[in-house]
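Reminder that position 38 of the sequence shown reads as 37 in numbering that gives the first Met the number 0, one-by-one numbering, no gaps. Backbone N, C-alpha and C define an ideal beta-carbon position, used for all residues, glycine too. Note sheet for the following structure.
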Amino acid sequence: MSARNAVPLALLRPNEQGVIADIVGGTDAHVRLLELGFTRGREVRVLKNDFGPLIVALNEQRIALGHGMAQKVLVRLSCPS
0 MSARNAVPLA LLRPNEQGVI ADIVGGTDAH VRLLELGFTR GREVRVLKND
50 FGPLIVALNE QRIALGHGMA QKVLVRLSCP S
């Protein structure tokens, strides 16, 4: 899946969802995001994005993610189901 037309996860608003297109950044960040389940092709939905960390739904889990890390996850927007 290409990262073309993808936006950082940090820019999504609550209830917006997308498919992970790519993960950018250094090796440590990349490995950490993979350990959390952020892999290409997986759907992610933003539950909270205001002050503090983003709360996202991924793999039937809720994950808190700092804005810096969320900038490294590129997603393609999809329609809510």
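- For Arg39, there is no enclosing beta strand (DSSP E), as DSSP gives it neither H nor E.
- In the DSSP assignment, Ala9 falls outside any alpha helix (DSSP H), carrying neither H nor E.
- The continuous stretches of alpha helix (DSSP H) do not include Gly17, which lies in the beta strand (DSSP E) extending over residues Gln16 to Ile22.
- For Gly67, the enclosing alpha helix (DSSP H) starts and ends at His66 to Gln70.
- Burial state of Gly17 is buried, judged by a 10 Å Cβ sphere holding 16 or more other Cβ atoms.
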